[in-house]
Each structure stands twice: as C-alpha cells, then as structure tokens.
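Per the UniProt record's numbering, the sequence shown starts with residue 1, numbered consecutively. Idealized CB from N, CA, C, for every residue including glycine. Computed from a prediction, not measured in an experiment: that's the story for all the values here. Here's the structure, in structure tokens; my notes come after.
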Amino acid sequence: FTGSTPTFQHLWKTVGNNIANYRTYPRLVGETGGKDFVVAHPSADRAILKTALTRGSFEFQGQKCSASSRAYVPASIWNSGFQEEFAAEVDSITMGDVTDLSNFIGAVIDDRSFAKNKAAIDRAKSDPTCTVIAGGTYDDSVGYFVR
C-alpha cells in the first residue's frame with residue numbers, strides 16, 4: 001500500500017477486526033509518505049547533486065512518496081556557489097499544463113495540497129531564521145500552481 005497514514009491505519013484496523021475470518025495471518029506492507037532526504041558527501045559531483053536534488057524534490061510536483069523533503073549539503077559545497085547554482089536551476093523549472101510536455105511540473109493535486117504548500121511558504125517567508133532561495137510563489141487562478 002502507498003498512501004496516507006489514516007488510510008493505512010484503517011486497513012490495519014479492518015484486518016485486525018476480521019482476523020478470525022482469515023485462513024492465515026495477512027501480510028500488510030505500507031509506505032505512508034516519509035521525509036526522504038539527500039545527504040551529499042564533500043566529494044559529490046556538483047552536477048549530479050544538482051540533478052538529484054531537483055528531480056528528487058520537484059518531479060511530480062514533489063507529490064510522490066519518495067520526494068526529497070530535505071537535503072544535507074556540506075558547507076564546502078553549499079557556500080562555494082552551489083546554493084546559487086541550485087537556486088537558478090529551480091527557478092528555471094518550467095511549470096504549466098501537463099499536456100505540454102515542455103513543462104517539467106504541473107499544478108499540485110487539489111486545493112488542500114495547495115493550501116498546505118501556501119501555508120508553508122508563508123511561514124518560511126515570515127520566519128527571520130529562514131531564507132527562501134528559489135520559488136516561494138503560488139497561484140490558484142488557473143489550477144493550483146506552487147513554485
């Protein structure tokens with residue numbers, strides 16, 4: 001199963017409540033979304049790291065269960081121009097209608113997802129300890145687009 005934690009808990013509860021009805025014990029395996037991360041070694045190839053961070057974080061609008069939620073990049077890489085390179089890469093991502101295959105990302109799935117992303121962006125922008133280095137915008141006038 002891949003999906004939400006409440007749905008997986010419901011599956012387990014249903015199985016548990018009906019355990020006497022099964023010939024054997026059912027096996028359930030679930031992936032309920034994680035906080036996947038990327039760890040970069042100081043010897044990391046910068047181009048590969050940039051691609052891994054971009055695709056891992058933004059492919060499928062970041063809505064896949066294996067999307068990167070955080071990255072641990074050594075200061076020796078981050079502070080030697082990589083931050084600016086990565087920000088430029090993220091800002092260059094094409095966004096729009098998914099039927100136009102030149103777009104890398106489309107809108108997020110629904111208004112709840114949009115609201116969650118919007119709230120996170122607003123919190124980050126209002127927190128003096130955070131710096132938004134790329135994106136930080138949202139628009140729901142024609143779809144639920146978040147950059």
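C-alpha distance - residue i paired with residue j, whole-angstrom precision
i, j, result
"S66", "D36", "6 Å"
"L101", "A107", "14 Å"
"I93", "A47", "16 Å"
"V90", "A44", "19 Å"
"G34", "R23", "33 Å"
"L11", "A88", "43 Å"
"P26", "N17", "12 Å"
"K118", "A20", "46 Å"
Residue i and residue j closer than 8 Å at C-beta
i, j, result
"S76", "P42", "yes"
"M95", "F145", "yes"
"F114", "Y138", "yes"
"A71", "V98", "no"
"R147", "G135", "yes"
Contact set for residue i: own chain, Cβ-Cβ below 7 Å, skip 5 residues either direction
i, result
"residue 205", "Since the first residue shown for the chain is 1 and the last is 147, residue 205 is missing from the structure and cannot be characterised."
"K50", "E85, F86 and E89"
"V15", "P26 and L28"
Local Cβ density within 10 Å of residue i, reported as buried at 16 or more and exposed below that
i, result
"S68", "buried"
"V29", "exposed"
Residue nearest to residue i in terms of C-alpha spacing, selected from the options
i, options, result
"T110", "V39, E89, T131 and S141", "Note on residue identity: the sequence assigns Asp, not Thr, to residue 110. For D110, the nearest C-alpha among the options comes from S141."
"A40", "E31, E85 and L53", "L53"
"residue 148", "A119, R112, S57 and D122", "The structure shown does not extend to residue 148, since the chain spans only 1 to 147, so no value can be given for it."
"S4", "K118, V73, G56 and Q63", "Q63"
Own chain partners of residue i with C-beta closer than 6 Å, once the 5 adjacent residues on each side are dropped
i, result
"T2", "E31 and C65"
"F8", "F1, G30 and T32"
The ligand ATP heavy atom lying under 7 Å from the CB of residue i
i, result
"S66", "With respect to the ligand ATP, the structure shown offers nothing to examine, as it has no ligands at all."
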